[in-house]
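Remarks on the structure that follows.
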Amino acid sequence: MNELALWRRITAGILLLVPWVFYMVYPAYNMAKPELGGVPFFYWFQTLWLVITAVLSLIGVLLLYPSKR
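Numbered as in the working numbering, the sequence shown ends at 408 without a single skipped number.
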């Protein structure tokens, strides 16, 4: 394997690991305030992280499989 392939694998692994670690620190964001449009913080923050997780996963997959675009 060349150095670029190793760099891509490590970066993709980190990108895929970030959301997993975030969801494990549940007590850090288990609160109702502040609200956004009447929606408690817990719900809109988790929804935001769903979008962030999708983007990070997409980047990770593109790094792992660059020829499949």
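Cβ coordinates follow ideal geometry from the N, Cα and C atoms, glycine included.
Under DSSP, V378 shares a beta bridge with L375.
Between F361 and W388 a beta carbon distance of about 6 Å is seen, short of the 8 Å cut, so the two are scored as contacting. Between P379 and N369, the alpha-carbon positions lie close to 10 Å from each other. The three-state secondary structure of V360, taken from DSSP, is helix. Apart from sequence neighbours up to five positions away, the residues of its chain that approach V357 with a beta-carbon distance below 7 Å are L395, ordered along the chain. Within its own chain, the residues whose Cβ lies closer than 7 Å to the Cβ of G399, once the five positions on either side in sequence are excluded, are A351, L354 and L355, listed in chain order.
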